[in-house]
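Read the structure below first, then the notes.
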Amino acid sequence: MSIRVDHLYKRFGDFVAVDDVSLEVESGELVAFLGPSGSGKSSILRIIAGLERADSGSVFFAGQAADHLHARARGVGFVFQHYALFRHMTVAQNIAFGLRVQGKSRADQGLRVHELLDLMGLAGLGERYPRQLSGGQRQRVALARALAPQPQVLLLDEPFGAVDARVREELRHWLRRLHDEVHVTSIFVTHDQEEAFSVADKVIVINRGRVEQAASPADILDHPATEFVARFIGDANVYEGKALGGVVPIGRLEIPAAGVTDGTEVSAVLRFYDLKFWKEDQGIARVVRTMTLGDRVKVEAVIDDGPVIYSQFPRRSSLLAGIEPGCRIHIEVTLARLYPKDAGILVSTTPPPA
Amino acid sequence: MDRVSDALNPGTGGRVVRGAVLAYIGLLVLLPLVALLQRGLAGGMDALWQAISAPGARHALTLTLWSAAVMTLINALMGTAAAWVLVRYRFPGRTFLSTLVDLPFAIPTLVTGVMLVLLYGPRGLMGDWLATSGLKIAFAPPGILLALLFVTLPFVVRAVEPVLLEQDPAEEEAARTLGADAFTVFLRVLLPPLLPAILSGSVRSFARALGEFGSIVVVSGNIPYKTLTAPIYLFGEIEAGDPQAAAAVSLVLLLFAVALTYAGRALERWAGVDA
Amino acid sequence: MPERKRLNPGQKLLLALVLAYLGLILALPLAALAVRALESGPGMLLAIFSDPAALEGLKLTLVLAGIALVGNGLVGVAAALVLVRHRFFGRGLLDTLVDLPLAVSPVMTGLAFLLLFGRGGWFEPWLTLAGIKVSFAFPGMVLATLFVTFPFTLREVAYVLLELGNDEEEAAVTLGASPWQTFLLVTLPNLRFGLGYGLVLTLARALGEFGAVLVIGGAISGQTQTATTFIYNALEERQTPAAYGMALILATASVLFLLSLEWIKRRRDKEK
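Residue numbers (the working numbering), protein chains in the order written: chain S, 10 to 363; chain Y, 11 to 285; chain R, 739 to 1010.
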C-alpha cells in the first residue's frame, strides 16, 4: 500500500517538530527516514501511524486520506524503539495480541503465532516472557507482533537503536530479508547512515522537521541536494568562501568553481575520498598527522594560509608514499560540491577528470 | 513523561470517567473540608481568634506543634540511619526488620496506644521499674513522643530507601580516590541527594503527627494544660457540643495540613520519587 | 547489592544504634501486647467471642472495610489514571487534594462530616425531610471511612503508572485495541502489584480507623460501635480484658497485612 504525506505540520509547545513535510512511499518499498536526533523523523512516523495528530496536512494510504482514522483503525504495524512488549504476557501472547483484540479464534491465533515464530527464528520461545529474552530476540518479537495482523504498512521507530553493534548488524540483514519475503510497505527511522544505506531502497533525509532529500542511496551519496545532506552523509571538509575567477580560494587551495559568478559566497563540501594528496616539496599544504583506521589511513594537513583539511586513502594506496608528518603535499580536488549561501542547494560539482 | 500521545488522549469514555472521579473527590474530600472552612469562619475573625486563643486551645496547639517538631527531628535522624543500615548493611534479620518498619502503616493507632500503655502504664510491663526510678512515660509528654515516633516511623525510612538504592557507589568511590575522608564524603557526596527525600519524609511525619489521635488519646491521659493535644482538644469540644469552637481550632490544623501536603508533594517531585 | 562484608566498628555502632531504636519504638510495644496475651491465655479472646457487642463491632468494621476496599479500589484506579494520564485545568490542585486525607486529623474528618450532616449541618434540613440519618449512623461512618482511606490505592497505582510510561498502551493501540481492551488487557495487569499493595493498605487503614468513626458514629454499642471504638469504650469502662482482646485481634490482622505487603513486594521484585 502506498503512503503519501502532504504538507504535514506539527508543533509541541514552542518546538516545531514537523515543518511542512511532503513525501511519498511507493507500495512495497522499504524506505529509511534518516536524520540527526530531534530532527522530527520519529514525529512524522508517529503521525503516519496515527499516534500523533498533525496540526495541519494529510496522510494518504493508497490514495485515501487517513487523517480521520484513529491509530487503532489504521491497520499499521508499528515497532517501537524500546520494544514496548507486553511484559506480563508470553511471547506467544504478545504476538497473538492484535488477532485477539480483533476477535480471531484461538485456532487462527495459534496458527499465525506459529508461523511468525518460525519466520522470525523464535521457534521454541513462545512460552517465555519478554524479560527472559535478549535484546535482539525482543526486537524480533516486537516485529512479529506488529506483523501478526498482516498490516499493509510497517513502521519501525529506531528499531535497532537499543541493541549492541553486532546484534544491530544481524537485525539489519533480518529486516532486509524479511522485507524481501513479505513485501510489506515499510518505513524505518534511523540516525545511522550506514543502516539507512545498507537496508533501504530509498532514503529520505530529514533535518529540523524538513525533508532535505528523498532519493536512492546512490543518488544521495553522489548528488547530495543540499549542504546539510552533503555535510551529514559521509566524511567531508566544509569551507566557506567566495568565488573568484572560476575558483573558490581557501588559503592556497583553489577549489574549482567553473560557472559560478564572481563574488558569490558559497559553502564548499569536499568529501575525504574526493581528494588526492601527494608528496611535493613545492606543495600547498603540510601534513600534520596520519591516523590508521583499519584498512584506511586518514591524513590531516594544514593548507598554507588556510584551515585544516582531511583526506582518506586505502592503506596500500600509492598516494601515501612518503606522506608523513611534516612533509609538504599537493592537493587535487577530484570532486567538489558548491552550495551558494543564499540558495543552499547544489549549483556546481566539478566533474571527475575523465 | 510530560506528554501523552494524541492517540491515548481520553475520548468520550475517558472524559466521563474523569468527570465521575472529579465528582467523587469533590463530594467526598473537598466538600467536607469546605464545610469545615465555612463553619470555622462563620463567626467572623474575632470569634475565630477567640476560639484559638482560649488558653486551653492555645496550650493544646503549642503542645501539638512542639511534640511534632521534636518527633520530626528524631525521625529525620533515626529514619535516615535506619534506611542506611537496611540498604547498605547485610546482617541476620535484615529482611525481618525491613518488614517490621511498615508495621505502623498496618496497625490501628488505637492499638498502638494500648500497646504503649501495656508497656509503660502503671500496671504495664515496665510499670514497677518506672515507678521506682521516678520516670513518667505514660500519661506524660514522653508517652506522646513515643506514640508519635511509632506511628510516623515508616515515613522517612520509606522516602530515603529508594534514593539510597539508586545511588551509584561510584560517586562515593570517586570522592574517596580524590582524597576525601569519610565525613567529607558523607557531607558532600552522600547527603545532598538524600536531602529532598529526608525532607519530604519529615514533612509527611510532621503533618501526620499534628493530626494523630488514636494512639495519643490512650497513652497521654488527656490532662488539660499538661498532655492534651490539639486533636483531643477538638474531640472534647465536639463532645461538649461546641462544634463551632472545634471548627475554629480545626482551621489552624487544616491550614497546616494543606501547606504541608503541598510542600510534601513538591519535595517528592524534587526527590524524584514522584507519584 | 553490596556483598556480605564484615562491618567495621563504626558501622557496627550505627547498626546497634538503629537496632536499639527500632527495638525501643516498634518491637517493645508489640512485645508488651504479646506478653500480655500470653499471660492471660485464651481469656482475652474469650472475652471478645462471648460478647455480642464486641462481635457486632467487629462485623461493622469488616463491612466498612469491605466498602472502602471496593469503593476506593475502583475509584482509586480511575483517579490515578486521570491524575497521571489526563491533562486538564486544576490537575495540580487535585494532586494536593487527594493527599489531604493523610494529613487531616481523623477528628477533623469526623467533625467535617458532622458539619455537613449533623445537627445544624448544611444538609440537615433535607435529610430530616427525607427521613435519612447520616450522622451517628451507618452512612456517616461509610463516608468517614471512605475519606480516610481514599489516598492509598490512588497513590500506589499512580506511582506504578508513572513508572510504566505508556509505551505498551501505544503498542496496544497500533494493534487495534479499543480503549477498554487496552485498559483491561494491558494497563490493568501491569498495575496488579501496585493495586494489591494499595488495597492492603486501604484495608489496614479502614480496620484501624478510630477518630473519624468515633466522632461521626458516636460509638453506640450494638449500632455504631466498631472494633476500635469498642476498645475505646471498654478502656473507659475499665473492661480491660475485652479491650486487650480486641486489640490483640486487630494487631494479629495487622501482622497478616504486613506479611501480605512483603509477599507482594517479593512477587513484584521477582518479575522485574
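Glycine included, C-beta positions come from ideal geometry on N, C-alpha and C. Predicted model only: the values in this text are computed from it and were never measured.
On the criterion of 16 or more Cβ atoms from any shown chain inside 10 Å, does residue i qualify as buried, or is it exposed?
| i | result |
| --- | --- |
| valine 95(Y) | buried |
| asparagine 971(R) | buried |
| asparagine 746(R) | exposed |
| arginine 149(S) | buried |
| tryptophan 183(S) | buried |
| isoleucine 340(S) | buried |
| phenylalanine 787(R) | exposed |
| glycine 254(S) | exposed |
| lysine 1010(R) | exposed |
| leucine 188(Y) | exposed |
| proline 1040(R) | Since the first residue shown for chain R is 739 and the last is 1010, residue 1040(R) is missing from the structure and cannot be characterised. |
| aspartate 271(S) | exposed |
| valine 26(Y) | exposed |
| glutamate 221(S) | buried |
Pull the bridge partners of residue i from the DSSP assignment, please.
| i | result |
| --- | --- |
| phenylalanine 286(S) | Ile340(S) |
| alanine 294(S) | Ile312(S) and Ile338(S) |
| valine 198(S) | Phe42(S) and Asp166(S) |
| alanine 224(S) | Val212(S) |
| glutamate 862(R) | Answer by DSSP bridge pairing: none, since glutamate 862(R) is not bridged. |
| isoleucine 264(S) | Val257(S) |
| tyrosine 348(S) | Ser276(S) |
| glutamate 907(R) | In the DSSP output, where bridge partners are listed per residue, glutamate 907(R) has none listed. |
| isoleucine 85(S) | The sequence shown places valine at residue 85(S), rather than the isoleucine named in the question. Per DSSP, Val162(S). |
| tyrosine 319(S) | Glu309(S) |
| methionine 300(S) | Lys307(S) |
| valine 68(S) | Val14(S) |
Determine the closest residue to residue i out of the options, with distance taken between C-alpha atoms.
| i | options | result |
| --- | --- | --- |
| alanine 816(R) | Ala770(R), Val836(R), Leu973(R) and Ser778(R) | Val836(R) |
| glycine 224(Y) | Gln177(Y), Leu200(Y), Val161(Y) and Pro234(Y) | Val161(Y) |
| valine 845(R) | Gly246(Y), Ala269(Y), Gly282(Y) and Ile84(Y) | Gly246(Y) |
| leucine 802(R) | Arg774(R), Thr966(R), Asp833(R) and Thr978(R) | Thr966(R) |
| leucine 997(R) | Leu204(Y), Leu135(Y) and Thr105(Y) | Thr105(Y) |
| alanine 45(Y) | Pro253(Y), Ala276(Y) and Phe266(Y) | Pro253(Y) |
| proline 65(Y) | Leu261(Y), Pro206(Y), Asn19(Y) and Ala255(Y) | Ala255(Y) |
| leucine 916(R) | Gly112(S), Leu302(S), Ala93(S) and Glu33(S) | The sequence given here has serine at residue 916(R), not leucine. It is Gly112(S). |
According to DSSP, is residue i helix, strand or coil?
| i | result |
| --- | --- |
| isoleucine 242(S) | coil |
| methionine 98(S) | coil |
| asparagine 216(S) | strand |
| glutamine 146(S) | helix |
| glutamine 749(R) | helix |
| isoleucine 3(Y) | Because chain Y here runs from 11 to 285, residue 3(Y) falls outside it and cannot be looked at. |
| alanine 277(S) | strand |
| alanine 74(S) | strand |
| aspartate 29(S) | strand |
| isoleucine 12(S) | strand |
| threonine 235(S) | strand |
| leucine 60(S) | coil |
| leucine 17(S) | strand |
| alanine 991(R) | helix |
| lysine 146(Y) | coil |
| glutamate 249(S) | strand |
| glycine 932(R) | helix |
| valine 44(Y) | helix |
To which residues of the same chain is residue i closer than 7 angstroms at the C-beta, ignoring the five residues directly before and after it?
| i | result |
| --- | --- |
| glutamine 202(S) | Leu43 and Ile242 |
| glycine 956(R) | Phe874 and Thr962 |
| leucine 108(S) | Asp117, Gln118, Arg121, Ala157 and Pro158 |
Here's a check: name, in chain order, each residue in its chain whose Cβ is nearer than 8 angstroms to the Cβ of residue i, leaving out the five neighbours to either side.
| i | result |
| --- | --- |
| glutamate 862(R) | Phe855 and Gly856 |
| serine 143(S) | Val176 |
| histidine 79(S) | Gly59 |
| valine 170(Y) | Gly89, Thr90, Ala93, Trp94, Leu204, Ala207, Ile208 and Gly211 |
In chain order, what residues of the same chain lie with their CB nearer than 6 angstroms to the CB of residue i, ignoring the 5 residues before and after it?
| i | result |
| --- | --- |
| phenylalanine 169(S) | Arg177 and Leu180 |
| alanine 71(S) | Met10 and Ser11 |
| glutamate 894(R) | Gly932, Tyr935 and Gly936 |
| lysine 350(S) | Glu274 |
| leucine 900(R) | Val822 |
| leucine 163(Y) | Pro114 |
Mind checking whether the beta-carbon of residue i lies closer than 7 angstroms to any heavy atom of the ligand ZN?
| i | result |
| --- | --- |
| glycine 24(Y) | In the structure on display, the ligand ZN does not appear, and there are no ligands present to speak of. |
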